[in-house]
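Following: one structure in structure tokens, then a few remarks.
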Amino acid sequence: METRELRYFVAVAEELHFGRAAQRLGMAQPPLSRAIGQLERRLGVTLLDRTSRSVTLTEAGSVLLREGRAALDAVEAAERRTRRAALAATGRPGLVLVTKAGASGELLPKLLDAYAAEPGAAAVDVLLCGIGEQERLLRDGRADVGLLHRPFDSTAGFDFEELCTEGQVVVLPAAHPLADRAHLRMADVTALSGLPMPRWPRVDGTYPDGPGPEVRDHAQLLQLIALGRASAVLPESSRAQLRRDLAAVPVLDAPAVTTVIAWPPQSRSQAVAGLVRAATRL
1 METRELRYFV AVAEELHFGR AAQRLGMAQP PLSRAIGQLE RRLGVTLLDR
51 TSRSVTLTEA GSVLLREGRA ALDAVEAAER RTRRAALAAT GRPGLVLVTK
101 AGASGELLPK LLDAYAAEPG AAAVDVLLCG IGEQERLLRD GRADVGLLHR
151 PFDSTAGFDF EELCTEGQVV VLPAAHPLAD RAHLRMADVT ALSGLPMPRW
201 PRVDGTYPDG PGPEVRDHAQ LLQLIALGRA SAVLPESSRA QLRRDLAAVP
251 VLDAPAVTTV IAWPPQSRSQ AVAGLVRAAT RL
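For the sequence shown, the UniProt record's numbering gives the first residue as 1, with consecutive numbering after it.
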């Protein structure tokens, strides 16, 4: 298969409409239909069930959509890393560090300062992202290294070093009746607070069902908590960034959160190696 064919198929499989897919790809519909037909004949499978009213994926089509996305992501990652390596060869090398906006508030500046003090340290661009986006940005080559937080983020397929482990707190409005407690348990948070937990986006951008508000980033979450529309269980280190109208109470039985520094296993970047060494020394 060619990457061109994969891009054509992924567009049709995501749109489930040849006209919209053709418009998205900037091409006419007839050659797109012919290309998909040729791909099916070469593979010897039916990828799409077509009627005059609808287009649906077959089981084989669902597999190719999943694998095709991964293959295209890998090609794009290779292109980005190659260009970055060429730029590094012409001058001072640089790297991109990705982390969730609002996370690792105390660790991140210490890490950047410690690495900058190293002889020959590269320039570090910090890419702040939304919830759960670090993995995708690491995989597709837009970032060289990232700070992830288990169990919320997956480290599958990455090399990583554990940096620190901490407990969690529930963040509540400062005037909430539970805000003065010395500690709580998860059952107390859900049963007594009267405030729903936020709903974070999945990897595909959709939100799980539930009563809580849909939340995209840390700043939005804190604003909703201050307004009395939600509560949230967050890592202990989030205390340092809380506003005066918010309170944090330790949750004794909440799972511990481990911060890791992660990078693609195929990386041979000396800059990434130096940043990881600085992180593990902190």
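Glycine is no exception: its CB is placed at the ideal position from the N, C-alpha and C atoms.
Residue of the options minimising C-alpha distance to residue i
i           : options          : result
residue 245 : 34, 227, 198, 17 : 227
residue 132 : 206, 106, 110    : 206
residue 151 : 254, 4, 67, 215  : 254
residue 272 : 147, 230, 174    : 147
residue 4   : 76, 16, 63, 52   : 76
residue 127 : 120, 121, 136    : 136
residue 278 : 181, 215, 112    : 112
residue 138 : 123, 240, 157    : 157
residue 239 : 208, 104, 117    : 104
residue 66  : 18, 109, 36, 14  : 14
residue 55  : 159, 167, 33     : 33
residue 129 : 72, 196, 216     : 216
Neighbour-count burial assignment, residue i, 16 or more Cβ in a 10 Å radius
i           : result
residue 81  : buried
residue 99  : buried
residue 153 : buried
residue 62  : exposed
residue 43  : exposed
residue 265 : exposed
residue 284 : A question about residue 284 goes unanswered here, because the residues of the chain that appear run from 1 up to 282.
residue 70  : exposed
residue 282 : exposed
residue 141 : buried
Under 8 Å between C-beta atoms of residue i and residue j
i           : j           : result
residue 115 : residue 275 : yes
residue 163 : residue 260 : yes
residue 324 : residue 236 : Residue 324 lies beyond the range of the chain shown here (1 to 282); nothing can be said about it.
residue 257 : residue 178 : no
residue 39  : residue 48  : no
residue 232 : residue 198 : yes
residue 143 : residue 218 : no
residue 192 : residue 251 : no
residue 229 : residue 213 : yes
residue 51  : residue 60  : no
residue 6   : residue 68  : yes
residue 25  : residue 269 : no
residue 64  : residue 9   : yes
residue 165 : residue 262 : no
Host beta strand (DSSP E) of residue i (start-end)
i           : result
residue 131 : Careful: residue 131 lies outside any beta strand (DSSP E) and carries neither H nor E.
residue 159 : 159 to 166
residue 142 : Per DSSP, residue 142 belongs to no beta strand (DSSP E) and is neither H nor E.
Boundaries (first-last residue) of the alpha helix (DSSP H) holding residue i
i           : result
residue 19  : 18 to 25
residue 283 : Summary: the structure shown does not reach residue 283, with the chain confined to residues 1 through 282, and so no result is reported for it.
residue 119 : Counting along the chain, residue 119 falls outside any alpha helix (DSSP H), and DSSP gives it neither H nor E.
Minimum Cβ-Cβ distance from residue i to chain B less than 8 Å
i           : result
residue 194 : In summary, chain B is missing from the structure at hand, where a single protein chain is found.
Inside the segment 179 to 228 only - alpha helix (DSSP H) runs reaching at least 4 residues = 186 to 192, 218 to 226
At which residue ranges does the segment 30 to 95 contain complete beta strand (DSSP E) runs of 3 or more residues, listed in the order of the chain?
-> 48 to 50, 55 to 57
Length-filtered (4 minimum) alpha helix (DSSP H) runs lying within the segment 227 to 275 | none
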